[in-house]
Each structure stands twice: as structure tokens, then as C-alpha cells.
Amino acid sequence: MDNAVLKNIIEAALLAAGQSLSLQKLSEIFEESERPEREQMLAALAELEADCAERSYELKLTASGYRFQVRQELSRWISRLWEEKPKKYTRALLETLALIAYRQPITRGDIEQIRGVAVSSDIIRTLMEREWVRVVGHRDVPGRPALYATTRQFLDYFNLKSLEDLPPLGEIRDLDEFNAVLDLEDEAPRRPDPDYDSAEGSEPDEELDDSDEAPASARIVTLPIARRSEHE
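Numbering (our numbering), first residue to last: 527 to 758.
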């Protein structure tokens, strides 16, 4: 197959899909008799990536595959196409997510021991509902506590190809630096001790407003530019 034709087919498929497509998925759009070799497809993708160098969007490889997306530096303007108010994440949720990302697999008890305060059930539920975190097993100790780890959706949402794209834990000196890595915002400074339940050593349950969305800078605008459900 002519390389120019192959590039056009792959480009059209990625634009039509509006989501990440793996190399395997891309190869499946071709009949077996005309299916390009892996090396030919990788070469075509490399050329497409180079073609985007001066464009407002780029070809990005995420954990789930390849996708076209608006360049991050332009998202502050493009995001205004949707009337949404930015999501504000609590510091407790961010700390929990950071610990899971860097210490996975990890139990809720491990997180509580490190943070020195009980983890709200709402925090774990929110992370799992957003499909950023999942249970990957159970520790072989009394009670068999669940082991939590991040998901492929976590990598895709935060524009990471793999966990190796996170900076080494030793380079993260405080939570603000972790926020910068994922381009998140926290709701407010850490709440003083009186706001915690002193009897249980836990944080108040917290519900996130379902009408909120992630901050524009954190949301990756994929092509075609059309509003889609966050969990689609």
C-alpha cells in the first residue's frame, strides 16, 4: 500500500474515533490481504507526528494508543467552548491519589499510616468512580485488605504513556509539585486539625459536585472537538 494512502487512512481513523487507538486496533481496519506490516504502520505514524509539528494539534501516544489532541498550551482557550466550572479537588484526595500512584499496590491502611489520618470512604469511591484507581488484589493478612493501583484511564486522562512518565518520587518534595505534574488544582490549603474528627482521627466525608469538571488545563481536548461524557 502506498505510504501516502496509508497515512491518510490512519489519520482519518484517528479523527473519526475521537479516542486513543492501539496499533492493533488500527491494523484491524484493514482487510487481511491489504494489512500493512507493523513497521510500515509505525513509519506512517511517525510521519503523521512530524506533520503535526507546526499545527495546533499533535499526535500523542498514551497508555491506550495513539490519538490526536489539541496542544496543551492552547487548551485554556479551546476549553471555553464548554460552559463548565473548574473542578476543585481536595488536598486529601490529591494526597491519596499521589500515594497510590507512587506506592502502588497499596492498601487503605498503608495510606492512612503514611498520612496519619483515616481516609474518607468518599475519597476512595470518587477515585474509583472516575476510574483512576482500581482494586488489583488483596494483601494476604487478616482481613485481606484491598490493594489499590492506578488504571490505564488514569494514564490516559493525565496524558501519560506509562507510570515511568511520572518524575521519580525523590524529586517530588511536596504535594504542589505532584499537582503540577498532573496539572491539578486543590480546593483549599490543608484544613486545621479541629476540622478533623478527633475521636476517629478521620476526615469528614466529602462529596464532589457532579456538575464540576476537571480544570481546563487538566482536560485533554481530543479531535474531533466534540463534547463527550467523561467516562465514555
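From the three backbone atoms N, C-alpha and C, an ideal C-beta is built for every residue, glycine too. All figures in this text were calculated on a predicted structure; none of them were measured in a lab.
Could you round the C-beta distance between residue i and residue j to whole angstroms and report it? I think they count as a contact, below 8 Å.
i           : j           : result
residue 646 : residue 618 : 7 Å
residue 552 : residue 539 : 6 Å
residue 668 : residue 635 : No, residue 668 and residue 635 are not in contact; Cβ-Cβ is about 11 Å, not under 8 Å.
residue 825 : residue 533 : Residue 825 lies beyond the range of the chain shown here (527 to 758); nothing can be said about it.
residue 583 : residue 598 : Not really, about 11 Å apart at Cβ, beyond 8 Å.
residue 644 : residue 662 : Going by Cβ atoms, the distance from residue 644 to residue 662 rounds to 22 Å, so no, they are not a contact pair.
Please classify residue i: is it buried, with 16 or more other beta-carbons within 10 angstroms of its beta-carbon, or exposed?
i           : result
residue 718 : Note that residue 718 scores a pLDDT of 33, beneath 50, so its modelled location is shaky; the value from the coordinates is reported in the next line. When all chains shown are included, residue 718 counts as exposed.
residue 720 : Residue placement at residue 720 cannot be trusted, given a pLDDT of 32 that sits under 50; what the coordinates show is reported in the next sentence. Answer is exposed; the Cβ neighbour count stays below 16.
residue 640 : exposed
residue 690 : exposed
residue 566 : exposed
residue 543 : buried
residue 531 : exposed
residue 579 : exposed
residue 624 : buried
residue 653 : buried
residue 692 : buried
residue 607 : exposed
residue 767 : A query on residue 767 cannot be resolved here, the shown segment of the chain reaching from 527 to 758 and no further.
residue 755 : Because the pLDDT at residue 755 is just 36, under 50, the model does not fix this residue reliably, and the point stays unresolved.
DSSP puts residue i in a beta bridge; with which residues?
i           : result
residue 661 : 674
residue 547 : 592
Does the stretch 547-555 touch the stretch 583-597, meaning 3 or more C-beta pairs lie closer than 8 Å? Yes: the two stretches touch, three or more of their Cβ pairs being nearer than 8 Å.
Should the stretch 552-568 be regarded as contacting the stretch 594-608, the criterion being three or more beta carbon pairs within less than 8 Å? As far as the Cβ criterion goes, the stretch 552-568 does not touch the stretch 594-608, which means the pair count is below three.
The stretch 655-665 in contact with the stretch 676-694 per 3-pair CB rule at 8 Å: With a cut-off of 8 Å, the stretch 676-694 and the stretch 655-665 count as touching, because enough Cβ pairs lie within range.
Jot down the residue ranges of each uninterrupted alpha helix (DSSP H) in the stretch 559-632, minimum 4 residues, whole runs only, in chain order. Positions of the alpha helix (DSSP H) runs, each at least 4 residues long and wholly inside the stretch 559-632, are given as 564-577, 601-604 and 617-629 in order along the chain.
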